[in-house]
Every structure is written in C-alpha cells, then in structure tokens.
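Peer 1: Numbering of the sequence shown is given in our numbering, commencing with residue 11 and proceeding in unit increments.
For every residue, glycine included, the Cβ atom is placed at its ideal position computed from N, Cα and C.
A single structure is presented below for examination.
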Amino acid sequence: MDTTKPESKNPSRKTCEETIRRILMTEVLQNGQNNHFRNATDFMEYFESLYPAGPSLLKQVQRAIKAMDMPKDDRGYFIINKSKSQVSQDHDLSVMLNRTHASFSSLDGLDTVFLSCEPTYRSYLKQLIEESQSLSNKYVTLVDSSNGLIFYTENKASLLHLLNNLLDA
11 MDTTKPESKN
21 PSRKTCEETI
31 RRILMTEVLQ
41 NGQNNHFRNA
51 TDFMEYFESL
61 YPAGPSLLKQ
71 VQRAIKAMDM
81 PKDDRGYFII
91 NKSKSQVSQD
101 HDLSVMLNRT
111 HASFSSLDGL
121 DTVFLSCEPT
131 YRSYLKQLIE
141 ESQSLSNKYV
151 TLVDSSNGLI
161 FYTENKASLL
171 HLLNNLLDA
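Structural data, given as structure tokens:
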C-alpha cells in the first residue's frame, strides 16, 4: 500500500475565480482601488505559493479571469466591484454630468413648504409656478409629490407670504 501523499493538482476554475475575487476585494478594501492586478500573471505569485507552478496553472488562472469577464479601468487594472455594463453606464453618466456643468448643493439648510393640491391639475400648476417671475427667486427647487408640491426654500416666510397672497387673490 502506497502511503505517499498524492501530488497536489491545479485548482478548479471556480476556485481560481473565488480566489481572484477575494484578492481583488482585499486590494480594493486596503487601497481604495486595484493598483496591482492587470492580467493573469499578476496573480501567479499567490497561486504558485499554493499550487505547483507550471503552464497549466497559468492557463487555469487565465480561464478564470476570462470567465469572470471583469472590466478594466482607464489604467488597465481589473475592476472587481462593477460589471462592464456598470462601467459603461458610469462613463455615460460622467460625460453627461460634465456636459451639463452639474454641481451639488445640500438641501440641509433649506426649509420645506408643502402645497397640497388636487392631482388633476398638479403638473400644470407646477409648470405655472416654474414659469412665474414672481416666484422664481422664492425657492431653490420644486418637487412633485403624490399629494401636492414640495418647495425647498431659503426664505420660508417670503414664499408663504407670496403663496398666501396668490391664494387669496
């Protein structure tokens, strides 16, 4: 009876995928992004520490990477936490945000005013308010909601005063 330990085999493709995923997630958690892994050979040091080195091991790692179909960033590094379609969508969104000169504003310091109105004419009322020269500088944004319109304003008293005057007219 032979009691020698059988020679260790190469990992399955699925095992390689799980290992690659774990390596990349660790890289992203530690560094915020992948700065080391661009192709299969970049993973070989780790795999060769666990399995016999050779061309078949490299092929298995290459198959795993191909099966994972990971996108790459503009520097050529694998992106583990997004699909190719997500990367494409993010790129399109980035282009449009830059094209429209988008910027961010916090609504934390603003007051809200809720204008209750019937749903039948709510969209037309919103349009009239948006086109109103009298109301144009009284609110930051206007949001359509299920039961009315929500104003975000820096000057709640002035907005309420003007709306009350319009309601009483």
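(1) Alpha carbon to alpha carbon, what distance is there between residue 92 and residue 25?
(2) Looking only at its own chain, which residues have a Cβ that is under 6 Å from the Cβ of residue 66, when we skip the five neighbours before and after it?
(3) CA-CA distance, residue 146 and residue 140?
(4) DSSP three-state call for residue 89: helix, strand or coil?
(5) Please list, in chain order, all residues of the same chain as residue 151 whose beta carbon is under 6 Å from its beta carbon, the five residues on each side excluded.
(6) Please list the terminal residues of the continuous beta strand (DSSP E) segment that includes residue 8.
(7) Check each candidate in 143, 62, 172 and 77 and name the one with the smallest Cα separation from residue 31.
(8) Please name the residue, chosen from 170, 159, 118 and 79, that lies closest to residue 130 on a Cα-to-Cα basis.
(9) Between residue 97 and residue 81, what straight-line distance do the alpha-carbon atoms span, to the nearest angstrom?
(10) How should residue 108 be labelled, buried or exposed, when 16 other C-beta atoms within 10 angstroms of its C-beta is the threshold for buried?
(11) Counting only runs of 4+ residues fully inside the segment 144–172, write out the alpha helix (DSSP H) ranges in chain order.
(12) With three or more beta-carbon pairs closer than 8 Å as the criterion, would you say the segment 164–176 touches the segment 116–126?
(13) Output yes or no for whether 7 Å exceeds the beta carbon distance between residue 71 and residue 57.
(14) I'd like the span of the beta strand (DSSP E) that includes residue 117, first residue to last.
(15) Residue 48 and residue 87 look like a contact to me (Cβ under 8 Å); what is the Cβ gap, rounded to whole Å?
(16) Sorted by chain position, which residues of the same chain lie with C-beta nearer than 7 Å to residue 127's C-beta, five sequence neighbours on each side aside?
(17) With 16 as the cutoff for other CB atoms within 10 Å, does residue 53 come out buried or exposed?
Peer 2: Checking against the coordinates, here is how it stands:
(1) Those two C-alpha atoms are separated by around 20 Å.
(2) 20
(3) 7 Å
(4) The answer is coil: DSSP assigns residue 89 none of H, G, I, E or B.
(5) 162
(6) With the chain represented from 11 up to 179, any question about residue 8 goes unanswered, as that position is not in the structure.
(7) 77
(8) When only C-alpha atoms are compared, the closest one is 159.
(9) 7 Å
(10) exposed
(11) none
(12) yes
(13) yes
(14) Neither: residue 117 is in no beta strand (DSSP E) and is coded neither H nor E.
(15) 5 Å
(16) 135, 158 and 159
(17) Around the C-beta of residue 53, 16 or more other C-beta atoms lie within 10 Å, and the residue is accordingly described as buried.
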